[in-house]
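One structure is given here, and the rest of the page talks about it.
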Amino acid sequence: MEHIVNSNSQTQYVPRHKLKKIPKASIIKMAKIKGKEHINHKGKFIEKRDIERNYSKETRVFLFEQFYDMKNKNEQDAHLSGLITLYEIKRRRSRGRKLEAAKPHSARYEFKIRFEGKEIEVCKDTLLGIHGITVGSLIRIQNHLLLVARGTSPRDLRGKNKQKSVNYSDTLVNLIKNHIKSFEPRQSRYSRRKNPLRFYLSEALTIKDMHSMFRPEYLMNIPYKIY
22 MEHIVNSNSQ TQYVPRHKLK KIPKASIIKM AKIKGKEHIN HKGKFIEKRD IERNYSKETR
82 VFLFEQFYDM KNKNEQDAHL SGLITLYEIK RRRSRGRKLE AAKPHSARYE FKIRFEGKEI
142 EVCKDTLLGI HGITVGSLIR IQNHLLLVAR GTSPRDLRGK NKQKSVNYSD TLVNLIKNHI
202 KSFEPRQSRY SRRKNPLRFY LSEALTIKDM HSMFRPEYLM NIPYKIY
């Protein structure tokens, strides 16, 4: 409780409002977009993005802040895509063409920056340095330009991956359930009183072991992910 003293020297108690907790994933995502230092999902410390030193301080600061003031990663990717010109390399072997097209070296790229209405051609390292981005981020955009369409920027699909549901036969599902039930369960020694009807499989038994035993017993070669 938080108290406030009014002009009549009477104390009034006003309940404090609980602050809304921001999800960790959202904090990390915004820190990456803004180029700020943060701890990633693996617990690794990521330093703040630095600025390329080969240009004047005013130019570097303007381009750097312009990039990290953008609303989201999609807008940043669209901006970077506009700074890349792709030239397809001809006379490639037909063998493995689809796989070859996904490689950044299957095309030639030119990079540039825009400042005061002018386009200045730069090398790849300069483009990376001015915008404070990693090589991996640039390769992802290059791959997208190759596989989708020239000049189309990739969308930020992190956290939006929804796998399509696959329908399996009831017979297969029942076989897997019966196989799991064939292993003898046991009660937990710690929660036996509170949860007498809850049983567990042995901690020494892994899903990988159960899957490997299912295949020879039922003579069915089902993938591990389905099991």
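The opening position of the sequence shown corresponds to residue 22 in my numbering, with each subsequent residue numbered one higher. For every residue, glycine included, the Cβ atom is placed at its ideal position computed from N, Cα and C.
| Check | Outcome |
| --- | --- |
| Euclidean distance between Cα positions of LYS139 and ILE243 | 59 Å |
| Validate contact between the stretch 196-205 and the stretch 128-144 using beta carbons, cut 8 Å, 3 pairs | no |
| Where ARG171 sits in the DSSP three-state scheme | Since pLDDT at ARG171 reaches only 47, below the 50 mark, its modelled position is unreliable, and no value is offered. |
| Three-way DSSP call (helix, strand, coil) for LYS139 in this model | strand |
| N- and C-terminal bounds of the alpha helix (DSSP H) containing TYR239 | 228-239 |
| Where LYS133 sits in the DSSP three-state scheme | strand |
| PRO125 versus PHE88: straight-line alpha-carbon distance, rounded | Model confidence at PRO125 stands at a pLDDT of 49, short of 50, so the residue's coordinates are unreliable; what they give is reported in the following sentence. The straight-line gap from Cα to Cα measures roughly 23 Å. |
| Within 9 Å, strictly: CB atoms of HIS62 and ALA52 | no |
| Reduced DSSP secondary structure (H/G/I, E/B, other) of TYR108 | strand |
| Same chain, Cβ closer than 8 Å to THR173, five either side skipped, listed in chain order | Confidence at THR173 is low in this model, with a pLDDT of 49, below 50, so its placement is unreliable and the value that follows should be read with caution. Excluding sequence neighbours, THR173 sits near SER102, HIS165, LEU166. |
| Test item: CB-CB of ARG129 and LEU107 under 9 Å | yes |
| Contact set for PRO206: own chain, Cβ-Cβ below 7 Å, skip 5 residues either direction | PHE220, TYR221, LEU222 |
| THR106 beta carbon near the ligand PLP (any heavy atom closer than 8 Å) | Here there are no bound small molecules, and the ligand PLP is not part of this structure. |
| LEU104 versus ILE49, THR192, ILE151, SER233, residue with shortest Cα-Cα distance | ILE151 |
| Identity of the residue in PHE204, GLU238, TYR239 nearest ALA225 by Cα | PHE204 |
| For THR192, the first and last residue of its enclosing alpha helix (DSSP H) | 191-202 |
| Segment limits, alpha helix (DSSP H) that includes SER102 | 94-102 |
| Cut-off 6 Å between Cβ atoms - residues of its own chain near TYR245, not counting five sequence neighbours on either side | HIS232 |
| Assigned exposure category for LYS94 - 16 Cβ within 10 Å defines buried | buried |
| Outcome for GLU238 when other beta-carbon atoms lying within 10 angstroms are tallied against a minimum of 16 | exposed |
| DSSP-derived helix/strand/coil call for TYR248 | coil |
| Whole-Å CB distance - LEU159 paired with LEU168, under 8 Å assumed | Contact flag wrong, Cβ pair sits at about 15 Å. |
| Sheet register partners of ARG207 (DSSP bridge) | TYR221 |
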